[in-house]
Amino acid sequence: MYFYRWHNIVNTFKIAKRTLSPAAGLRALLSVEPSRGLVDEKFQIVTLHCVHQSEDKDFWEAFGHYISDQHGTVTVAKDASVGGTYEGVESMGLMWSLQPVPGSRTGLRLRKKDVLLPMVFHISVYDGHVTQGFNLMTALVTRVIERWYMAPGVQRVSVEEKGIRGTMFIPPGPGPFPGILDMWGGGGGLVEYRAALLASHGFVALALEYLSTADYYGSELTVDYFEIAYEILQDHPMVQRDRMALLGLSFGTSVTLSMAAYSKIIRVSCEKSVNIMAVSVNHMLCYLSKILTTMFRNMHKIQMKNNQVIWREVILPIPEDPKLKVDVGQIKCPLLLITGGDDQNWATVESAEDIERIMEKAGNRHLLHTLTYPGAGHLIEPPYTPHHRASNFLVNGKEKVIMLWGGQTKPHADAQEDSWEKILAFLQQHLYFTAPQARL
Amino acid sequence: MAGIRHCPLLSVRPLRCLVDEKFEVVVQFLLPSQPVTLHALLQSEDGDFWEAFGHYKGDASGSVKVSEDVSLGGSYDGLEPMGLLWSMRPIPGSRKGLRFRNKDVFKPIEVHISVYEGHLTKWFKEKQALASVVAERWYSSPGVQRIDVREKGLKGTLFIPPGPGPFPAVLDLWGGGGGLVEYRSALLASHGYITLTLEYIGLKDASGTPQNVDNDYFEAAFSLLKQHPQVCPDRIAMMGLSFGVSVTLGMAAYSSEINPKCVVCVSGSHIMPVNGSLADVFKEIKKNVKNTRYDEERRIIWRDLLLPIPDDPSKKVEMGLIQCPILLIVGEDDQNWAAAESAEDMKKMMEQAGNSHLLTVLSYPHTGHLIEPPYCPHVRSSNFKLIEAKTTVVVVWGGQMVPHSKAQEDSWQKTLAFLEQHLYTHDTVASKSN
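Read top to bottom, the protein sequences are chains A and B. Yeah, the first sequence ends on 518 if you go by the working numbering, and it's all consecutive. Yeah, the second sequence ends on 448 if you go by the working numbering, and it's all consecutive.
Set out below in structure tokens:
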């Protein structure tokens, strides 16, 4: 009879299990019996398997094939997976290579809605190198892991005032803390998990809903909406009003850049834009819907391949006409731009290059930091979440398509891990610095 | 308008972990060389507050790393990565005689870690911290199941790790304080053992009459584990603390039903009537009650109740009869039980009988009686309920805080390694008696 022992799996994943920071990897040590075998006994071959049931009830799994050493031990942080959903020495491979189990619905994307509860993963060891039928087999050993977006003590507060809809996350402690306005993209709705994670790192973060999934063209969204949201955050007693940042992904970047460039109200300490979109944004000063109109004028540039919608060409070529672009030369705060080299949804790399050119000419190039990750797609999210090359997307709030985001799994996973580390460092550097000697 | 309030960044990693795991406390963005106090506070289930604190000085970059920097004073000093936990004591003004114990193993201990300006020693509640975070420490890992055991006359709790099994098991026995103590068992289950903790002192029957359990009580418990579908019947250990050791050694030596793969004995003794029942043991101990001593504050020292170690073999468990590996853990400053002296005697007996190769003794200087899983506060004495007399006295357990805390850390690590070696690894060389 064999006994399998899982050491210290409990404290391994760092966003994970019951911990938070997205840092280094798996210290899991797997001991396999017999630990002292005869010379003609084979080393043990095993499969490490991870399964997760999402809030939508879909099952996601990842697995790696390993060969134990002569002591019957597998150390994921040091040993290479020789096959499975990931290969090589990948301490977090069981997380980022998760994919829907065979037979699942198509076009899925794994996203956490209720951040007050953890994501629960079952990690098991199976005899041999297994590639399917895991649910029909008996594991040799199983551990349960929780991964949280929220640290203990972080408060979640619904914000519904002055016409603004969002959720604020406040770290524990007396504060006050730097504030971050967190904006997602064209998918709309209220996405909380990144803001919850930011609060777990010491920032008051306001996740803002500005495109209702139900009501795409919606009430005409104006620049006021964002300025009011910004002020609500800035005026909050737990927020340091002179240490504010804007964080945007995809469409949220358009907002971020134009607010930073044009708003008289919004004076940020730094901002970060992930997957920027630089065109047609000065229309932001009027109505958001106008951007979309401009975009849809270019709809003929949308491509379809394998049933997947590719929007990459829509804003290409990057227009010369400055009236069609945010004047980033007016930005006065540090700016971190993150783009994926294989972004199939938006021409972000080209936009980043154009931004750099504009800022060079305007003389504020020193404020710009760009991170471009070859092989990464559009959805550069907090680390260790699975990569989605394509997923279901609701266009105009009603038309369901499969949108191609791009990226290859391994480089995209690496990009998520590296960019998040750099995002936190950037935020800390600009928002958490020692005040001058003036102390009360 | 208030001036710029400078806010350092305090981080604790991991924020959620098992109680026997270490954490890392880091403060950044302080002023260079700024003096600060790191403070830990928790509220027990009974509502009492416990706190610990260390005085630090930020380095040139304005950082403090508790795992690398030295505490200059406070409830602990020196380089002590876990000092914020094990040096905790009740806050000023608390009730007396407290002991920190957790009942609900599915609720974490919430430790509030804060950083204060300057080197403070008191009035933490009245001051505002610069930053504060909450760390959760758990006695159970995700997936551990808890099951009430109320069959075969037994009263206990079973903890089962997640997964299909089968698992090795541990029968977990506490001491003379009685009651049903679950936290160590939940922790063992979190490390992969099906663990049964048993209440065996102060039990009452259906009509409320106190009952003394007999040896078959423990045999029924052991056989419950043996027959459990997820337990590997030939890989069951017994673990006892204090009085639980008397039971453990007695059963291991004499019971034909109980054949543990190995035993762990913490702060206990082999001195008891040969093949006697629990009632016999109590009778013997009562005979020596006159040996009770008191310290300068009238706190009870029961150490001498077992002394001198008798030469009469009929008064001691025949250690030569035990056929499985034994891990003995004792504190040399145990003021409650003559555990260290007993350990020496046990060693002699086993050497004479020829089975001393089975014995490992861990003897810790300046360590008291309550050698528990690490990082919980040490108390030198505390309130103790006398079950029969129905009164509460204050008992001295012994031990000095720092060596005792180190002993807890070291002995727990060695306990887990010992259990793993005998219950998980296949010892092709050692005896295959079981």
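Ideal Cβ positions, reconstructed from N, Cα and C, are used throughout, including at glycine. Keep in mind it's a predicted model, so treat the numbers as computed, not measured.
- For a Cβ distance threshold of 8 Å, residue set 178 of chain B lies close to residue 216 (chain A), ordered along the chain.
- For a cut-off of 8 Å, the C-beta gap from residue 252 (chain B) to residue 267 (chain B) is around 12 Å, too long to register as a contact.
- The beta carbons of residue 200 (chain B) and residue 153 (chain B) sit closer together than 8 Å.
- Assigned with DSSP and collapsed to three states, residue 131 (chain A) falls in strand.
- According to the DSSP assignment, residue 142 (chain A) belongs to the beta strand (DSSP E) that extends over 137–145.
- A check of alpha carbon separations from residue 193 (chain B) across B:408, B:400, B:409 and B:423 identifies B:400 as the nearest.
- The DSSP-derived three-state label of residue 390 (chain A) is helix.
- At least one CB atom of chain B sits nearer than 8 Å to the CB of residue 224 (chain A).
- When C-beta distances to chain A are compared with 8 Å, the residues of the segment 128–159 of chain B below that value are 128, 142, 143, 144, 145, 146, 147, 148, 149, 150, 152, 155, 156 and 157, in chain order.
- Restricting attention to alpha helix (DSSP H) runs no shorter than 4 residues, the segment 168–227 of chain B encloses them at 197–204, ordered along the chain.
- Taking the beta carbon of residue 21 (chain B) as reference, the chain A residues within 9 Å of it are 251, 252, 253, 254, 255, 256, 280, 318, 321, 510 and 513, listed in sequence order.
- Among the residues of chain B, none has a CB under 9 Å from the CB of residue 122 (chain A); the nearest is roughly 13 Å distant.
- Residue pairing by DSSP places residue 37 (chain B) in no beta bridge whatsoever.
- Non-local beta-carbon contacts of residue 445 (chain A) in its own chain, meaning distances under 6 Å to residues more than five positions away in sequence, involve 412 and 413 in chain order.
- For the options A:203, A:125 and A:134, the alpha carbon positioned closest to that of residue 183 (chain A) is the one of A:134.
- For residue 493 (chain A), same chain residues with a beta-carbon under 7 Å away, outside a window of 5 residues either side, are 418, 451, 454 and 458 in chain order.
- At least 8 Å separates the beta-carbon of residue 102 (chain B) from that of residue 145 (chain B).
- Nearest neighbour of residue 114 (chain B) by Cα position, chosen from B:163, B:63, B:120 and B:135, turns out to be B:63.
- Neighbourhood of residue 124 (chain B) in chain A, by CB distance below 9 Å: 230 and 231, in chain order.
- Listed by position along chain B, the residues whose Cβ is nearer than 8 Å to that of residue 198 (chain A) are 156.
- The segment 74–89 of chain B makes contact with the segment 36–44 of chain B; the number of CB pairs closer than 8 Å reaches 3 or more.
- Looking at the DSSP output, residue 470 (chain A) shares a beta bridge with A:480.
- Proximity of residue 300 (chain A) to chain B, defined by a Cβ-Cβ separation below 8 Å, is not satisfied.
- A:432 is the residue among A:187, A:432 and A:416 whose C-alpha sits nearest the C-alpha of residue 396 (chain A).
- Counting only runs of 4 or more residues that sit fully inside the segment 224–251 of chain B, the alpha helix (DSSP H) segments are 229–241, in chain order.
- Only buried fits residue 266 (chain A), as 16 or more other CB atoms lie within 10 angstroms of its CB.
- In the three-state reduction of the DSSP assignment, residue 400 (chain A) falls in the helix class.
- Residues of chain B whose Cβ lies closer than 7 Å to the Cβ of residue 219 (chain A) are, in chain order, 177.
- A residue is called buried when at least 16 other Cβ atoms come within 10 angstroms of its Cβ; residue 330 (chain B) meets this threshold and is buried.
- The beta carbons of residue 426 (chain B) and residue 383 (chain B) sit no closer together than 8 Å.
- Contact of residue 486 (chain A) with chain B by beta-carbon distance below 8 Å is absent, the smallest such distance being about 31 Å.
- Measuring C-alpha to C-alpha distances from residue 413 (chain B) to each of B:198, B:26 and B:317 identifies B:317 as the nearest.
- Chain B has no Cβ within less than 8 Å of the Cβ of residue 148 (chain A).
- Relative to residue 73 (chain B), the option among B:141, B:49, B:402 and B:94 whose CA is nearest is B:49.
- Across the structure, residue 69 (chain B) and residue 410 (chain B) are spaced so that their CA atoms are roughly 30 Å apart.
- Per the Cβ contact rule, the segment 229–249 of chain A is not in contact with the segment 131–144 of chain B (fewer than 3 Cβ pairs under 8 Å).
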